[in-house]
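For reference, the structure is listed below as structure tokens.
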Amino acid sequence: MYRIDNIKVKLTDALSREHIARRAKTTSDNILSFKVLRKAVDARKKTDVHYVYTVLAETKKRLKDFKEYKIENYEFPKGVPLEKRPLIVGTGPAGLFAGLMLARAGYKPVLIERGACVEERCRAVRKFWETGRLDERTNVQFGEGGAGTFSDGKLNSGINDKRCRFVLETFAEFGAPDEITYAAKPHIGTDILSKVVKNIRLEIEKHGGEVRFLNKLIGIKTENGSVCGAEIENERGVYTLDTDNIILAIGHSARDTYTMLKNLGIKIEQKSFSVGVRIEHKQEMINKSQYGNFAELLGAADYKLSAHFENGRSAYTFCMCPGGEVVASASFSEGVVTNGMSNSLRSGENANSALLVNVTPDDFLSDDPLAGVWFQEKIEKKAYTVAGENYHAPMQYVGDFMGYAVKDKVTPTYKPGLKNCDISQIFPEFVNETLRLAIKEFDKKLKGFADGGAVMTAPETRSSAPLRLVRDKETFMADITGLYPCGEGAGYAGGIMSAAVDGIKVSEALAMKGMDRV
2 MYRIDNIKVK LTDALSREHI ARRAKTTSDN ILSFKVLRKA VDARKKTDVH
52 YVYTVLAETK KRLKDFKEYK IENYEFPKGV PLEKRPLIVG TGPAGLFAGL
102 MLARAGYKPV LIERGACVEE RCRAVRKFWE TGRLDERTNV QFGEGGAGTF
152 SDGKLNSGIN DKRCRFVLET FAEFGAPDEI TYAAKPHIGT DILSKVVKNI
202 RLEIEKHGGE VRFLNKLIGI KTENGSVCGA EIENERGVYT LDTDNIILAI
252 GHSARDTYTM LKNLGIKIEQ KSFSVGVRIE HKQEMINKSQ YGNFAELLGA
302 ADYKLSAHFE NGRSAYTFCM CPGGEVVASA SFSEGVVTNG MSNSLRSGEN
352 ANSALLVNVT PDDFLSDDPL AGVWFQEKIE KKAYTVAGEN YHAPMQYVGD
402 FMGYAVKDKV TPTYKPGLKN CDISQIFPEF VNETLRLAIK EFDKKLKGFA
452 DGGAVMTAPE TRSSAPLRLV RDKETFMADI TGLYPCGEGA GYAGGIMSAA
502 VDGIKVSEAL AMKGMDRV
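For the sequence shown, this note's numbering gives the first residue as 2, with consecutive numbering after it.
Below, the structure written as structure tokens:
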């Protein structure tokens, strides 16, 4: 088998043996079979937009200019038996993949989730968007699948880890389209991701795992510096689960859990994160700007922009949702939070993305490990005050924010409602200044980004955790034996893929507890 890359194919053509043979400098009859490893769009030249493939090919004869290639299949390590069932707190990507690995390995984990199962969760979220009545137990942040369930379902990541391909293949195994295993920018979409999440849960249960919804961790019992139990609250009261291993895959919005961990004495570090707005443009404009005259031959285009400015701040776009909508994402009362979401077809009229400015611990004005959380809360509560009740969000057209004419207004998608106002009153001045610099700079890279009619909806505050639960680099444990901080909420991931990979790594560490790790 040979890995053959940089195979250029016209947008109107299907990949064939002839394309592969031409790149490999051989004949088409020498290509016995092939498997696509990667498919990307090259739009650097707007006069020559085309696909670029990487394939794994089987040939009759040896290819002189290529080395033989072997894919390393991931295997979960053989671990040690455990006397007690491990507990996993949270069923986002980190928790689900940790649970899946441990269940398949025979450890029969117990997973608890403060929110509801994905079916009930979807109903609660839709009701919130329609009525403005928030369920603090089950919402966009809390419930089966984690915050990523109501997103674009992006699976690309900056990490380079052998487990990434396993994650993609696992999502495909449980209902995601096969194309995510080779697309350069894989995504699932909220509509499909919710079904995939349920299927993973059923697989965990099939192998002896147990998933308990509407069960919230409220305390951790310790003895001689080690975990000896968990205190859990549900609608029937409080109970204790006997366990000596807990994986904390709590997500970045479990603020009450952060407080409990702080009071327990767990070491927590402040961490930089970002805040800003959701910006919406017409998807048609993004398509033309990115693909030129080839736009009609391709799906909804995305973008990724960043810049560093003389004021010492950086700005970037994040979680860009082609053909999507801006969604209400609050999890606690009297605070407004926004996020972006797309379904699998990305067929909506608008494109939206987070437009974010970096925030550092120096901005917190406190040494408390939870000061970043307080920074977020202040902005979210101010937005609630400005926009009114029922979780309406502040919005402003880019032209009004920048001080120039507003034409061809984009129709905003956020529900349950909006208030047109000066969004600069919500943020510290350094955020406003950097947002204005970014809008001008990004318009140079993506024509139309600074259009006056584009919509800014505020605030986006939950792009990542504002803290890190400190863990050992080798054992993955906190300073309490048997306690494993994990995923985005612990400060070790930034998206579905990296969170899932971290969940796998931590489950490996738990299974090999007490063994020498290679």
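Positions of the beta carbon are idealized from the N, C-alpha and C atoms, including for glycine. In this text, all values refer to a predicted model and were calculated from it rather than measured experimentally.
Could you name the residues of the same chain whose beta carbon sits closer than 8 angstroms to that of Ala451, not counting the 5 residues immediately before and after it, in chain order? Position 450 of the sequence shown, counted from the first residue, corresponds to residue 451. Once the five neighbours on either side are set aside, the close Cβ partners of Ala451 are Val399, Met403, Ile440, Lys441, Phe443 and Asp444.
Report yes or no: do the segment 276 to 289 and the segment 497 to 511 share at least 3 C-beta pairs separated by less than 8 angstroms? no
What number of angstroms, rounded off, separates the C-alpha of Ile21 from the C-alpha of Gln291? Counting from one through the sequence shown, the residue named residue 21 turns up at place 20. Counting from one through the sequence shown, the residue named residue 291 turns up at place 290. Their backbone Cα atoms lie some 27 angstroms apart in a straight line.
How long is the line joining the alpha carbons of Leu346 and Gly190, rounded to whole angstroms? As a working note, residue 346 is residue 345 in the sequence shown. As a working note, residue 190 is residue 189 in the sequence shown. Approximately 8 angstroms between the Cα atoms of the pair.
Taking Lys163 as the reference, give the member of Tyr405, Asp503 and Leu511 with the closest Cα. Counting from one through the sequence shown, the residue named residue 163 turns up at place 162. Lys163 has its Cα closest to that of Asp503, out of Tyr405, Asp503 and Leu511.
Chain-order list of residues whose beta-carbon lies under 7 angstroms from that of Val358 (same chain, five-residue window excluded): As a first step, residue 358 must be located in the sequence shown, where it is residue number 357. Excluding positions up to five away in sequence, the list reads Ser275, Val276, Gly277, Arg314, Ala316, Val432, Thr435 and Leu436.
Since Asn391 is in the beta strand (DSSP E), which residue starts that stretch and which ends it? Within the sequence shown, the letter at position 390 stands for residue 391. Premise fails: Asn391 is in no beta strand (DSSP E) and is neither H nor E.
DSSP on Thr60, reduced to helix/strand/coil? Counted from its first residue, the sequence shown places residue 60 at position 59. Of the three classes helix, strand and coil, the one that applies to Thr60 here is strand, per DSSP.
Any C-beta of chain D under 8 angstroms from that of Ile248: No chain D is present in this structure, which holds just one protein chain.
Look up Arg208 in the DSSP assignment and say whether it is helix, strand or coil. The count along the sequence shown starts at 1 and reaches residue 208 at position 207. Strictly speaking, residue 208 in this sequence is His, with Arg absent from that position. In the structure shown, His208 sits in coil (DSSP, three-state: anything other than H, G, I, E or B).
Excluding the five sequence neighbours on either side, which residues of its own chain have a C-beta within less than 7 angstroms of the C-beta of Ala355, listed in chain order? Within the sequence shown, numbered from 1, the residue matching residue 355 stands at position 354. Cβ neighbours of Ala355 beyond the five flanking positions: Gly277, Arg279, Thr318, Phe319, Cys320, Gly341, Glu461 and Ser464.
Could you give the first and the last residue of the continuous beta strand (DSSP E) run that contains Cys322? To locate residue 322, count along the sequence shown from 1; it is residue 321. First-last of the beta strand (DSSP E) with Cys322: Ser315 to Cys322.
Within a Cβ cutoff of 6 angstroms, which residues of the same chain sit near Ile251, ignoring the five residues on either side of it in sequence? Stepping through the sequence shown from its first residue, residue 251 is reached at position 250. Val90, Gly91, Thr258 and Gly490.
For Phe98, which residues from the same chain have a beta carbon less than 6 angstroms from its beta carbon, with the 5 sequence-adjacent residues on both sides left out? Here residue 98 refers to the residue found at position 97 when the sequence shown is read from its first residue. Closer than 6 angstroms at the Cβ level, and outside the excluded window around Phe98, lie Ala501, Gly504 and Ile505.
Which one of Thr27, Met102 and Val81 has the shortest CA to CA distance from Glu59? On the sequence shown, position 58 is the one that residue 59 refers to. The option with the nearest alpha carbon to Glu59 is Thr27.
Any chance the segment 234 to 246 sits against the segment 116 to 136, with 3 or more Cβ pairs inside 8 angstroms? no
In chain order, what residues of the same chain lie with their CB nearer than 7 angstroms to the CB of Asp517, ignoring the 5 residues before and after it? Stepping through the sequence shown from its first residue, residue 517 is reached at position 516. Residue placement at Asp517 is flagged as unreliable, the pLDDT there being 49, under the threshold of 50; the coordinate-derived value follows with that caveat. Around Asp517: no qualifying Cβ.
Select from Lys47, Leu57 and Leu371 the residue whose C-alpha is nearest the C-alpha of Ala296. Residue numbering aside, residue 296 sits at position 295 when the sequence shown is read from its first letter. When only C-alpha atoms are compared, the closest one is Lys47.
Within the present structure, is the beta-carbon of Thr150 separated from the nearest heavy atom of the ligand SAM by less than 7 angstroms? Looking for the ligand SAM in the displayed structure turns up nothing, as the structure carries no ligands at all.
Measuring alpha carbon to alpha carbon, tell me which of Ala494, Glu475 and Tyr493 ends up nearest Leu511. For the purposes of this step, residue 511 is taken as residue 510 along the sequence shown, with counting starting at 1. Out of Ala494, Glu475 and Tyr493, Glu475 has the C-alpha closest to the C-alpha of Leu511.
Sort out for me which residues DSSP pairs Ile269 with in a bridge. Within the sequence shown, the letter at position 268 stands for residue 269. Leu470, per the DSSP bridge assignment.
For the alpha helix (DSSP H) containing Val507, list its first residue and its last residue. The sequence position of residue 507 within the sequence shown is 506, counting from 1. Residues Ile497 to Ala512.
CA-CA distance, His393 and Ala406? As a first step, residue 393 is located in the sequence shown; it is residue number 392 there, counting from the start. As a first step, residue 406 is located in the sequence shown; it is residue number 405 there, counting from the start. So the two alpha carbons sit approximately 25 angstroms from each other.
Under the three-state reduction of DSSP, which class applies to Asp517: helix, strand or coil? Reading the sequence shown from its first residue, position 516 is the one you call residue 517. In this prediction, Asp517 scores a pLDDT of 49, lower than 50, which makes its location untrustworthy; the coordinate-derived value is nonetheless stated afterwards. Three-state result, Asp517: coil.
Taking a contact to mean a Cβ-Cβ separation below 8 angstroms, would you say Trp130 touches Ala329 in this structure? Counting from one through the sequence shown, the residue named residue 130 turns up at place 129. Counting from one through the sequence shown, the residue named residue 329 turns up at place 328. Yes, the pair counts as a contact, with Cβ atoms nearer than the cut-off.
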